[in-house]
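Notes follow once the structure below has been shown.
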Amino acid sequence: MTAPILELRDVRTHFPVRGGFLARRDAGAVKAVDGVSLSLARGEVLGLVGESGCGKSTLARTIMQLVPTTGGAVILEGKNLTTGTDAEIEAVRRDLQMVFQDPYASLNPRMTVHDTIAEPLLVHRVCARADTTARVAELMTLVGLAPRFMQKYPHEFSGGQRQRIAIARALALNPKIIIADEPVSALDVSIQAQILNLLAQLVRRMGLSLIFIAHDLSVVKHISDRVAVMYLGKIVELGPASDVIERPRHPYTRALISAIPTPNPGRERTRKRIVLPGDPPSPINPPRGCAFHPRCPHAQERCQAAVPPLEKLEGSHEVACIRAEEIWQ
Amino acid sequence: MLLSVKDLRTYFHTRSGVYRAVDGVSFDLRRGETLGIVGESGSGKSVTCYSLMGLVPQPPGRIESGTAMFDGADLLHCAPRRLQAIRGKRISMIFQDPMTSLNPYLRISEQLIEPLLIHEKISRKAALARALEMLEAVGINDAAKRIHYHPHEFSGGMRQRVMIAMALITKPELLIADEPTTALDVTVQAQILELIKKMQHESGMAVIFITHDLGVVSGLCDRVQVMYAGRIVETADTRTLFYHPRHPYTIGLQRSIPSLQKKGGELFTIKGLPPDVSKPFRGCAFAERCEHAKPLCNEKDPQLAPVSPTHAQTCLRVQAGEI
Numbered sequence: 001m002t003a004p005i006l007e008l009r010d011v012r013t014h015f016p017v018r019g020g021f022l023a024r025r026d027a028g029a030v031k032a033v034d035g036v037s038l039s040l041a042r043g044e045v046l047g048l049v050g051e052s053g054c055g056k057s058t059l060a061r062t063i064m065q066l067v068p069t070t071g072g073a074v075i076l077e078g079k080n081l082t083t084g085t086d087a088e089i090e091a092v093r094r095d096l097q098m099v100f101q102d103p104y105a106s107l108n109p110r111m112t113v114h115d116t117i118a119e120p121l122l123v124h125r126v127c128a129r130a131d132t133t134a135r136v137a138e139l140m141t142l143v144g145l146a147p148r149f150m151q152k153y154p155h156e157f158s159g160g161q162r163q164r165i166a167i168a169r170a171l172a173l174n175p176k177i178i179i180a181d182e183p184v185s186a187l188d189v190s191i192q193a194q195i196l197n198l199l200a201q202l203v204r205r206m207g208l209s210l211i212f213i214a215h216d217l218s219v220v221k222h223i224s225d226r227v228a229v230m231y232l233g234k235i236v237e238l239g240p241a242s243d244v245i246e247r248p249r250h251p252y253t254r255a256l257i258s259a260i261p262t263p264n265p266g267r268e269r270t271r272k273r274i275v276l277p278g279d280p281p282s283p284i285n286p287p288r289g290c291a292f293h294p295r296c297p298h299a300q301e302r303c304q305a306a307v308p309p310l311e312k313l314e315g316s317h318e319v320a321c322i323r324a325e326e327i328w329q
Numbered sequence: 001m002l003l004s005v006k007d008l009r010t011y012f013h014t015r016s017g018v019y020r021a022v023d024g025v026s027f028d029l030r031r032g033e034t035l036g037i038v039g040e041s042g043s044g045k046s047v048t049c050y051s052l053m054g055l056v057p058q059p060p061g062r063i064e065s066g067t068a069m070f071d072g073a074d075l076l077h078c079a080p081r082r083l084q085a086i087r088g089k090r091i092s093m094i095f096q097d098p099m100t101s102l103n104p105y106l107r108i109s110e111q112l113i114e115p116l117l118i119h120e121k122i123s124r125k126a127a128l129a130r131a132l133e134m135l136e137a138v139g140i141n142d143a144a145k146r147i148h149y150h151p152h153e154f155s156g157g158m159r160q161r162v163m164i165a166m167a168l169i170t171k172p173e174l175l176i177a178d179e180p181t182t183a184l185d186v187t188v189q190a191q192i193l194e195l196i197k198k199m200q201h202e203s204g205m206a207v208i209f210i211t212h213d214l215g216v217v218s219g220l221c222d223r224v225q226v227m228y229a230g231r232i233v234e235t236a237d238t239r240t241l242f243y244h245p246r247h248p249y250t251i252g253l254q255r256s257i258p259s260l261q262k263k264g265g266e267l268f269t270i271k272g273l274p275p276d277v278s279k280p281f282r283g284c285a286f287a288e289r290c291e292h293a294k295p296l297c298n299e300k301d302p303q304l305a306p307v308s309p310t311h312a313q314t315c316l317r318v319q320a321g322e323i
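The listed protein sequences correspond, in order, to chains A and B.
For what it's worth, the working numbering labels the leading residue of the first sequence as 1, then goes sequentially.
For what it's worth, the working numbering labels the leading residue of the second sequence as 1, then goes sequentially.
The following block contains the structure:
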């Protein structure tokens, strides 16, 4: 394998929590991302899965350097972004672009499609003012929008079309990596498939790397080469998409997969579902040892002793559970 | 029959035209039955239920026609006092977003006993005891303490449990659930679906479950109806709908679910967009996106016709035996 385009080394993003009178007392920290190491190859699609509050969006924002990192390194093509100067980060941002969940909120309602897509071109001065319209038309065609709609405003488009505009804007600077944070969860089923096809096609055609964040495992399975499952700021399972989803090893991943209702009434009525008790715990005061142990059906006392490291099971399938081998028997 | 809806039409009269949100919907619901209403956003599934509950803002909304007989009373035309005696007591509703459907200023206890104080001759003390019992029944740990909390002290899943407790405290005969798990994580969704099943098993109430997720419907509902552009396009018992769907839209919707498709390949999509229901159209609303459409589809208004005693659909070409 060639050198990874992006590497995360023990990345931590903590948000301080202040309490007491005038918020002067330091009351700990929300450990939104707590020791994540990952690498992303060129042209690879990495799916990032987890429930709300597990830190997947914060991880995306950390990679983009939209929030300051507490520790660790984000290395893009050999450059450490966490120690870079503002000017360096600015230059690198071109290579990293993001698509957000809600296309109703992420587009400026007062800007036409043309202005929205042209803005990054003008900010980064990659395109002469006279050539922007041609480039915008090219980008619109690329994402399946007719260039004649260029002078329209976002409210004149449906949710799926708006997400296409957001994708066109993200592609404007020829990025190397796109981070898509729940890009289809606000869309209807029949439209979701259209956007997924578009993303898969762009990755293939333009050789992009994609980090695809979602809570819906069936969507992630379809588009991803590898999948990472997050729980309370840590990666608990990582491996090739088909391995993680068809042969999940971590008890959390297994519960997550079993909780997805399948559109198959015969199977749905007979299969045994693992229903996890309670809610994910607070990231301010995570449980000792393995953060999942209070909800885990297989927990033992030794699970509380230490945070389990992510260990290789077979091939490139990694799991952070000390009982992974036994449970599987 | 517990509920019988006939030819319901709810239109919204706005500046940009008349939106025919619900356009001639008829269905029946037996006691204890679970009916799923599936459709994409704008298909009229929520407006159908809002119309039954008298929750459509009028204006701009207007119920143009139809009847909804619930145990001898027409929900669409009966006197406000009579509707009030039914709504919240014999028919309850839970909503999509548990974050915004509880009053943030009131303790959970106040909100839970409100329906009891309105609908039953009961003392505050007795009502609180029932509320506590209900809160335990929906699986809130430490209910005796938590009943005095405010909504912000609960997580999303717990708030939805509180909403369910509130809806079921008057022992309704019909529960309308409008996307109750859409805002929740899958593991919490699994908990809430189990809870609804359990409560229904214990009380024998009927449930109308509105969702856009075909997966949720498959394990929960006895019967499913699929809506498109304000109309029911197919209705059947759950097994038939999933294993032998006939209407091209139902088939397309099912085929576009990623989990049912081969990994890596191009996903099946229904081309195009749902129609603008403010523009008049003739014939089948799905025709412009349908791969089987013939000129006839744009001329004749499709009607539900039975395929079998428990299965009906509107596609003209299926009815003609052509597909």
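Even for Gly, the Cβ is constructed at its ideal location relative to N, Cα and C.
All values derive from a computational prediction rather than experimental measurement.
Residue-chain proximity (residue i, chain A), Cβ-Cβ < 9 Å
i: G32 of chain B; result: no
i: A144 of chain B; result: no
i: G157 of chain B; result: yes
i: E179 of chain B; result: no
i: Y243 of chain B; result: yes
i: E234 of chain B; result: no
i: F12 of chain B; result: no
i: T238 of chain B; result: yes
i: G252 of chain B; result: yes
i: S203 of chain B; result: no
i: F268 of chain B; result: yes
i: S256 of chain B; result: yes
i: T100 of chain B; result: no
Opening and closing residue of the alpha helix (DSSP H) in which residue i lies
i: V68 of chain B; result: Checking the sequence shown, residue 68 of chain B turns out to be Ala, not Val. Careful: A68 of chain B lies outside any alpha helix (DSSP H), inside the beta strand (DSSP E) at 61 to 70.
i: R161 of chain B; result: 156 to 168
i: A320 of chain B; result: No alpha helix (DSSP H) contains A320 of chain B, which DSSP labels as neither H nor E.
i: S209 of chain A; result: Taken as a continuous stretch (DSSP letters only), S209 of chain A belongs to no alpha helix (DSSP H), being part of the beta strand (DSSP E) at 209 to 214.
i: E114 of chain B; result: 108 to 119
i: P80 of chain B; result: 80 to 86
i: P265 of chain A; result: 265 to 270
i: A129 of chain B; result: 124 to 137
Per-residue contacts from residue i into chain B (C-beta, under 7 Å)
i: T262 of chain A; result: G215, S218, S259
i: N197 of chain A; result: E266, L267, T269
Cβ of residue i within 9 Å of any chain B Cβ
i: Q194 of chain A; result: yes
i: D102 of chain A; result: no
i: P183 of chain A; result: no
i: D243 of chain A; result: no
i: A255 of chain A; result: yes
i: H250 of chain A; result: no
i: R205 of chain A; result: no
i: S190 of chain A; result: yes
i: V219 of chain A; result: yes
i: G289 of chain A; result: no
Opening and closing residue of the beta strand (DSSP E) in which residue i lies
i: V74 of chain A; result: 71 to 76
i: T34 of chain B; result: 34 to 38
i: Y252 of chain A; result: Element bounds for Y252 of chain A: not the beta strand (DSSP E) but the alpha helix (DSSP H), 251 to 259.
i: G176 of chain B; result: Sequence inspection shows Ile at residue 176 of chain B; the Gly mentioned does not correspond to that position. From DSSP, the beta strand (DSSP E) with I176 of chain B extends over 174 to 178.
The ligand ZN heavy atom lying under 8 Å from the CB of residue i
i: E114 of chain B; result: Of ligands this structure carries none, so the ligand ZN is not represented either.
8 Å Cβ cut-off: residues of chain A touching residue i
i: S327 of chain B; result: Nothing in the structure corresponds to residue 327 of chain B, since chain B is present only between 1 and 323.
Proximal chain A residues relative to residue i, where beta-carbon distance stays under 7 Å
i: T48 of chain B; result: Under the 7 Å cutoff, chain A gives no residues; its nearest Cβ is about 17 Å from T48 of chain B.
i: A190 of chain B; result: A259, R273, V275
Contact set between residue i and chain B, taken where Cβ atoms lie within less than 9 Å
i: E301 of chain A; result: Those do not exist, as E301 of chain A stays about 22 Å from chain B at its closest Cβ, beyond 9 Å.
* Could you tell me whether the region 231 to 249 of chain B touches the region 271 to 283 of chain B, using the rule of 3 or more Cβ pairs below 8 Å? => No contact exists between the region 231 to 249 of chain B and the region 271 to 283 of chain B.
* On the three-pair Cβ rule with 8 Å, is the region 69 to 87 of chain A touching the region 3 to 21 of chain A? -> yes
* Uninterrupted beta strand (DSSP E) stretches inside the region 210 to 264 of chain B (no shorter than 3 residues) -> 223 to 228, 231 to 237
* Any alpha helix (DSSP H) of 4 or more consecutive residues that is wholly inside the region 40 to 125 of chain A -> 56 to 63, 86 to 93, 113 to 123
* Asked: Using 8 Å as the threshold, is the region 149 to 168 of chain A in touch with the region 184 to 198 of chain A, meaning 3 or more CB pairs across them?
  -> Because the criterion of three Cβ pairs below 8 Å is met, the region 149 to 168 of chain A and the region 184 to 198 of chain A touch.
* Asked: How about the region 32 to 51 of chain B and the region 206 to 218 of chain B: do they share at least three Cβ pairs that are nearer than 8 Å?
  -> yes
* Taking one C-beta from the region 50 to 68 of chain A and one from the region 165 to 183 of chain A each time, how about it: are there three or more such pairs within less than 8 Å? -> Yes, the region 50 to 68 of chain A is in contact with the region 165 to 183 of chain A.
* Is there contact here, the region 264 to 277 of chain A with the region 188 to 208 of chain B, by at least three beta-carbon pairs under 8 Å? -> yes
* Asked: Is the region 48 to 63 of chain B close to the region 130 to 143 of chain B, with three or more CB pairs under 8 Å?
  -> Touching, no.
* To do: Could you say if the region 41 to 49 of chain A and the region 225 to 242 of chain A meet the contact criterion of at least three C-beta pairs nearer than 8 Å?
  => yes
* Asked: Per the contact definition of three or more C-beta pairs closer than 8 Å, is the region 22 to 31 of chain B in contact with the region 315 to 327 of chain A?
  -> The region 315 to 327 of chain A vs the region 22 to 31 of chain B: no contact.
* Of all the alpha helix (DSSP H) runs that stay within the bounds of the region 119 to 193 of chain A, which reach a length of 4 or more residues? -> 132 to 142, 159 to 171
* Inter-stretch contact (C-beta, 8 Å, three-pair minimum) for the region 64 to 75 of chain B and the region 124 to 136 of chain B -> The region 64 to 75 of chain B, when compared against the region 124 to 136 of chain B, does not touch it at the 8 Å Cβ threshold.
* the region 131 to 149 of chain A in contact with the region 80 to 94 of chain A per 3-pair CB rule at 8 Å -> no
* Looking at C-beta atoms only, is the number of pairs between the region 229 to 238 of chain A and the region 161 to 171 of chain B that lie closer than 8 Å three or more? -> no
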